[in-house]
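Inspection log for the structure reproduced underneath, given as structure tokens.
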Amino acid sequence: MATACIAGKTTAGVTRARATASLRSRGEYDEEEGSHEGDGEGEGEGEGEHKEKPKPKSKGKGKGKGKGKKGKGKGKGKDGKGKGKCNDARHTPCLHPDDVDVLINAYVRMLSRWNDTDAKYLADSFRDTSDSINILAGIPLGNPTFPTKQAFIDHQHTQPDNLPLTVTHKSPYSCDEIALIWKATFGEARKQVRGVTILGATKDKGYWQIKTIDVEFNSIAYLLDIGGSYTMPGHHVVLKIIDNNLAMEAYSQVIDDW
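What follows is the structure, given as structure tokens:
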């Protein structure tokens, strides 16, 4: 997605030229002599600076004209000065809004309906980490869920997620990270799963790719949606009420069978 900084607004420099012509009258004006402003044109070129760093240069052209009542003269234009301004610069190594949209859309497609063509958006050093998945899959917490790009692709081939993700919020992004909130309702229980994903991005190959996925979500709702079940353990509840220095303790044991 690297492009040259060719789009934007460039303010052309404007020059003024004045020409003077010394006209000595011959016949029509016998003894009249004087200097007059004459018609003339000139062009000049100047350089302007971009607001961002590094600063590319842009050229501006200037033209000047002079008018005289009684004669014509040649005009010279001064160097025109132009300021280059480009709102859509691509010389910086950071994400731009359209880059963010491309990666988010690729992420949604990967989890909603895998297509091998989207594998190009995964960096060679890709990894995916989710303790929400690890706790269900028996993977030690804190470890990568899919430590490599190929492991993630193999999973999508054998057991695709097929999650109907809807992105509900895109937070402000940094130079190489994107945060988003999503939701998905699917499966047997039709419980809404809501999650937060942080996408780490890289531009090692000249275009933006996903380097890391860190995602956490409501794993209990997810478990029910994929046909799983769970039983809440029994727990002891202690209620302590204090009123007018009189303490009363009520004990109740609650066992919920889900």
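In terms of the working numbering, the sequence shown opens at residue 10 and continues consecutively.
Beta carbons: idealized from backbone N, C-alpha and C, even for Gly.
Since the structure is predicted, the reported quantities are computational estimates derived from the model, not experimental observations.
Secondary structure of residue i, DSSP reduced to three states
i      : result
His105 : coil
Ile113 : helix
Thr240 : coil
Ile222 : strand
Trp217 : coil
Ser141 : helix
Alpha carbon of residue i to alpha carbon of residue j, nearest angstrom
i      : j      : result
Leu112 : Ala188 : 11 Å
Gly209 : Ala198 : 32 Å
Asp133 : Ala146 : 24 Å
Asp127 : Pro242 : 42 Å
Ile219 : Ala160 : 15 Å
Val224 : Lys200 : 18 Å
Asn124 : Thr138 : 21 Å
Thr154 : Ile235 : 18 Å
His166 : Tyr116 : 16 Å
Asp266 : Thr240 : Since pLDDT at Asp266 reaches only 38, below the 50 mark, its modelled position is unreliable, and no value is offered.
Pro169 : Pro102 : 33 Å
Ile144 : His105 : 35 Å
Thr206 : Ile229 : 17 Å
Tyr130 : Ser238 : 35 Å
Asp140 : Gly204 : 12 Å
His178 : Glu186 : 15 Å
Thr211 : Asp107 : 15 Å
Arg195 : Asp213 : Note on identity: in this sequence residue 195 is Phe, with Arg being the wrong assignment. Cα-Cα distance, rounded: 36 Å.
Thr175 : Ala193 : 6 Å
Trp191 : Thr157 : 24 Å
Extent of the continuous alpha helix (DSSP H) run through residue i
i      : result
Ser228 : 228-234
Limits of the beta strand (DSSP E) - the one that residue i falls within
i      : result
Thr167 : Not the beta strand (DSSP E): Thr167 falls in the alpha helix (DSSP H), residues 158-167.
Ser134 : 131-138
Arg203 : 201-211
Tyr193 : Checking the sequence, you will find Ala at residue 193 rather than Tyr. 186-194 is the extent of the beta strand (DSSP E) around Ala193.
Thr310 : The requested residue 310 is not part of the displayed model; the chain covers only 10 to 267.
Chain B contact for residue i (CB, 8 Å cutoff)
i      : result
Ala230 : Here chain B cannot be found, since the structure has a single protein chain.
Contact test: residue i Cβ vs the ligand HEM heavy atom, cutoff 7 Å
i      : result
Cys184 : Ligands are entirely absent from the displayed structure, and the ligand HEM is therefore not among its contents.
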